[in-house]
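In full-length UniProt numbering, the protein residues as written are 1 to 652. Where is the CB? At the ideal position from N, CA and C, for every residue including glycine.
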Amino acid sequence: MTVEKPLWTPSPTQVAQAPLTAFMAAAGERAGRSFASYAELHGWSIGEREAFWDLVWDFCGVIGQKGGRGLADGDKMPGAKFFPDARLNFAQNLLRGSGSAEAIVFRGEDKVERRLSWDELSALVSRLQQLFVSLGVRKGDRIAAMMPNMPETVAAMLATASIGAVWSSCSPDFGEQGVLDRFGQIEPKLFIAPDGYWYAGKRIDVAAKIATVAEKLTSAAKVLVVDYLGTAKDVASGIAKAEALDDALAPFAARPVTFEALPFDHPLYILFSSGTTGIPKCIVHSAGGTLIQHLKEQRLHGSLVPGDRFFYFTTCGWMMWNWLVSGLASEATLLLYDGSPFHPDGNVLFDFADAEKMTYFGTSAKFIDSVRKAGLRPIDSHDLSSVRTISSTGSPLSPEGFAFVYDGIKANVHLASISGGTDIVSCFVLGVPTEPVWTGEIQGAGLGLAVDVWNDDGKPVREEKGELVCTKAFPAMPLGFWNDADGKKYHAAYFERFDNIWCHGDFAEWTGHGGMIIHGRSDATLNPGGVRIGTAEIYNQVEQMPEIAEAICIGQDWDDDVRVVLFVRLAPGIALDEELEKRIRTKIRIGASPRHVPAKIVAVTDIPRTKSGKITELAVRDIVHGRAVKNKEALANPEALELFSDIAQLRS
C-alpha cells in the first residue's frame with residue numbers, strides 16, 4: 001500500500017524563523033488566545049478582519065497615519081472601506097531603504113547589466129519627480145509606460161506614486177493597436193517608452209511604433225525616450241513632442257523625495273484585462289489596498305525579509321511586475337531580468353540565481369515545464385543554495401511540475417504555487433511556509449481572504465469542483481473600472497453570479513489537506529454531457545508525454561452537446577499517427593477520467609498565447625466556431641489563430 005507523503009515539510013528551524021510564526025504569536029496577543037495552526041490563524045483573519053488588517057499594518061511597518069477606523073461598511077461588496085481615515089504614500093513605503101546596499105540589480109539578457117543602490121534609486125526618483133511636476137503632472141493624472149523591466153521603469157513608477165499620479169504600463173512588444181487600446185482609454189499626460197529592447201539576442205527597434213502611438217495618444221503632452229540600446233537621442237529627435245529622458249533630467253539635481261500623503265483608497269495603478277474577448281478592461285487599484293496586500297503576501301506567505309534577493313520573471317504588462325516591485329517595501333533587493341528566459345538557453349535564469357544569490361525565485365508553470373522538457377537539471381549544474389522559495393504562477397502547475405522542482409531544481413525549497421490575478425493585483429491562494437507542500441496543490445487561502453469553492457447553487461463544497469469565490473470584502477479589491485461611472489461593468493464582472501460575493505472566474509477544488517487545485521478558468525471549462533471538467537486536468541496528462549510540447553483544449557458545440565477537442569503542438573520530428581492518438585487517449589482516460597478523453601485530436605504547429613504567456617482557450621474556441629476574435633492585438637502571436645480556422649477534422 002502506497003503511503004501518501006508531502007514533497008516537502010519545513011524543518012522546526014524553518015518554521016521558527018518564518019515571519020509567519022512571529023505574526024501568529026503577535027496575533028495571539030491581539031486576540032487574547034493562542035493559535036495552534038495556520039487554519040486557526042486564517043479563521044481569525046477572516047472572522048476578525050478589522051483586527052487582522054490592523055495587525056498587518058503594524059507588523060509590516062506601514063508608513064503613514066492609520067486613523068481611527070480599520071473597516072467601514074465591511075458587509076458590502078463592493079462598498080467596504082478599509083482604513084477610511086488613513087493617509088499614506090505608496091512610494092514612501094517602497095523607498096524606506098537607504099545607503100549603499102543594492103536596491104536593484106538589472107540584467108537585459110547578456111547585453112546590459114546595471115546596479116542601483118538605495119541612495120541611487122532615491123536620487124533617480126527625486127529627479128524624475130521634479131521632471132514630472134515641471135511637465136504639469138498633478139495628483140490623479142495618468143502616466144503611461146511601454147517599457148522593458150528595467151530600473152528606470154521602477155523609478156518612474158515610484159516618482160508617479162510620490163505625486164499621487166496614477167501609473168499604467170505594458171511591455172514594448174505590444175503592437176501599436178494593443179498599446180492604444182489600453183492607454184487611449186485612460187488619457188495619460190505623459191508617455192514613456194524605450195529606444196528599443198533586446199530579445200533572444202536580437203536588437204528590436206521600436207522607433208516607428210513610438211512615433212505612431214505618440215501621434216494618436218493626443219492627451220500625452222510629452223514623450224520621454226529611455227536609453228536602453230544607446231540610441232535614445234536619435235529616436236527622440238525623430239518624434240514630435242519627444243525628448244530623451246537623460247536630456248529631460250539634466251536640469252534637475254537629486255534632493256530628498258517629497259511624498260504626498262493620500263487616502264488609503266487613492267488610485268495607484270491601472271491594469272488591463274488580457275483583452276482577448278474585446279477592448280481590455282481598465283482595472284483601477286488603490287495605493288493602500290495594493291500595499292497592505294503585497295506586504296502581507298510577501299512577508300507572511302513568502303517569508304521576505306530585509307536583504308533578500310527577490311526575483312520574478314515578468315514583463316511590465318503582467319501584474320506580477322507590480323507585485324515584484326512591492327518587494328522594496330520589505331527592503332529586499334529587486335533582481336530584474338528583461339528578455340527571453342531561453343537566451344542563449346534555458347539556463348539563463350538559473351545562471352542569474354546562482355550569480356546573484358537569489359533567495360526568492362519566481363517564475364511561471366510554463367517555464368518550469370519547458371525546463372523539464374528540455375532535459376535540464378539545475379540541481380546538478382547550479383549552486384542554488386541561497387534559494388529558499390520557488391514560486392510558480394500564470395497557469396496551474398502540474399503534478400509533474402511539482403515533482404520536477406524537487407527532483408530537478410532544488411530538494412529543500414518551499415515551492416509556492418500561487419494564484420490570483422490582474423483583477424486583484426495579488427493572490428487568493430498561495431504558499432504557506434510553515435505547512436507541508438503536497439503534489440499538485442496550492443497550500444492555502446491567503447490570510448484575510450474568505451476564499452471558498454461554491455457549486456452552481458451557491459453552496460460551499462469540499463473535494464468537489466466549483467467556482468472560486470471570496471465571501472467577504474478585502475483591501476485589494478479594485479476601486480472599479482476606468483470610465484465605468486455607474487459601476488455596472490465592475491458589478492457584472494465579479495458580483496453578478498452571486499449577490500454580494502466576489503466570483504473570480506476560476507474553476508477550483510479544495511483538497512483533503514486544506515489546499516486548493518485550480519482546474520482552469522471557469523469560462524473555459526468543458527461541459528460534455530452537461531458535466532463540467534477543467535482543461536488543466538487534461539493538460540496535466542498530455543504534457544507528461546515527451547512527444548507533446550504543448551496543448552490547448554476547447555469544447556466544440558456538436559450535435560446538441562459539447563465535445564472535447566484537443567490541439568497538440570508536437571515535439572520536433574514527431575507525427576500524430578493512430579498509435580500516438582491512442583496513447584494520448586489512454587493517458588487521459590487513466591490519468592483523468594473517460595469524460596476527459598477528447599473526441600478529436602488535432603496537430604497544430606503553434607498555439608496562440610497572451611503577452612504574459614497564457615494560452616488563449618476562448619480565442620481558439622471563437623475561431624473554431626467561426627466567430628471573430630475581437631482583439632487580436634492582445635496576443636503575442638496572433639498569426640497562430642489562423643491554424644484553428646475551418647479545420648476539416650472538426651466538420652464531422
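Rounded distance between the beta-carbons of residue j and residue i, thought under 8 Å
i, j, result
"Leu71", "Glu50", "4 Å"
"Phe132", "Leu94", "That belief does not hold up - the Cβ atoms of Phe132 and Leu94 are roughly 17 Å apart, past 8 Å."
"Pro399", "Thr439", "5 Å"
"Lys508", "Ile518", "The amino acid occupying residue 508 in the given sequence is Ala; Lys does not appear at that position. With 8 Å as the limit, Ala508 and Ile518 qualify as a contact, their Cβ atoms being about 5 Å apart."
"Trp346", "Arg377", "Here residue 346 is Gly; the residue named in the question, Trp, does not match the sequence. The pair is not a contact, with the Cβ atoms about 11 Å apart (cut-off 8 Å)."
"Phe174", "Met146", "7 Å"
"Asp452", "Val469", "5 Å"
Residue i versus residue j: straight-line alpha-carbon distance, rounded
i, j, result
"Asp622", "Ala634", "15 Å"
"Phe644", "Val15", "50 Å"
"Leu128", "Cys170", "19 Å"
"Gly555", "Glu639", "22 Å"
"Gly339", "Ala636", "14 Å"
"Gly289", "Pro151", "24 Å"
"Val562", "Ser392", "32 Å"
"Ala493", "Ala253", "46 Å"
"Glu547", "Glu109", "30 Å"
"Leu229", "Ala250", "19 Å"
"Leu324", "Leu334", "8 Å"
"Asp234", "Lys488", "46 Å"
"Thr2", "Arg595", "Any reading at Thr2 needs caution, since the residue's pLDDT is 45, under 50, leaving its predicted position unreliable; the model's value is listed next. When rounded, the distance between both Cα atoms is 26 Å."
"Ala193", "Gly140", "21 Å"
"Gly394", "Thr610", "11 Å"
"Trp8", "His266", "41 Å"
"Glu243", "Tyr312", "31 Å"
"Gln177", "Phe481", "20 Å"
"Ala476", "Ser426", "7 Å"
Burial state of residue i (16 or more Cβ within 10 Å)
i, result
"Glu441", "buried"
"Leu341", "The amino acid occupying residue 341 in the given sequence is Pro; Leu does not appear at that position. So Pro341 ends up on the buried side."
"His414", "buried"
"Trp44", "buried"
"Val531", "exposed"
"Arg142", "buried"
"Gln65", "exposed"
"Lys582", "exposed"
"Ser237", "exposed"
"Asn412", "exposed"
"Arg107", "buried"
"Gly79", "exposed"
"Ala101", "exposed"
"Pro188", "buried"
DSSP three-state assignment for residue i, whether helix, strand or coil
i, result
"His596", "helix"
"Thr2", "Any answer about Thr2 is weak, because its pLDDT of 45 lies below 50 and its placement is not dependable; what the coordinates show is given next. Coil, per DSSP."
"Phe83", "coil"
"Gln65", "strand"
"Lys202", "strand"
"Leu650", "helix"
"Met516", "strand"
"Val461", "coil"
"Pro151", "helix"
"Ala524", "helix"
"Trp323", "helix"
"Leu384", "coil"
"Phe450", "With the sequence shown as reference, residue 450 is identified as Ala, and Phe is not the correct amino acid for it. If DSSP states are grouped into helix, strand and coil, Ala450 belongs with coil."
"Ala193", "strand"
"Trp438", "coil"
"residue 687", "Missing from the structure shown is residue 687; the chain here goes from 1 to 652 and no further."
"Trp502", "strand"
"Phe183", "helix"
"Thr471", "coil"
"Asp407", "helix"
"Leu576", "coil"
"Ala640", "helix"
"Gly55", "Residue identity differs from the one stated: residue 55 is Leu in this sequence, not Gly. Looking at Leu55 - three-state DSSP - the assignment turns out to be helix."
"Thr422", "coil"
Any C-beta of chain B under 8 Å from that of residue i
i, result
"Glu464", "Looking for chain B here will not work: only one protein chain is present."
Proximity test, residue i beta-carbon vs the ligand ADP heavy atom, cut-off 7 Å
i, result
"Ile554", "In the structure on display, the ligand ADP does not appear, and there are no ligands present to speak of."
**Request:** Enumerate, from N- to C-terminal direction, the unbroken beta strand (DSSP E) stretches of 3 or more residues contained entirely within the region 290-314.
**Result:** 309-312
**Request:** Please list the segments of the alpha helix (DSSP H) lying wholly inside the region 602-630, counting only runs of 4 or more residues, in order along the chain.
**Result:** 617-624
**4-residue-minimum alpha helix (DSSP H) runs that sit fully inside the region 211-297, ordered along the chain** = 232-237, 245-249 and 287-295
**Asked** Which residue spans inside the region 330-360 form an unbroken beta strand (DSSP E) run of at least 3?
**Response** 333-338
**Request:** May I have a chain-ordered list of the alpha helix (DSSP H) segments no shorter than 4 residues that lie completely inside the region 76-146?
**Result:** 90-94 and 118-134
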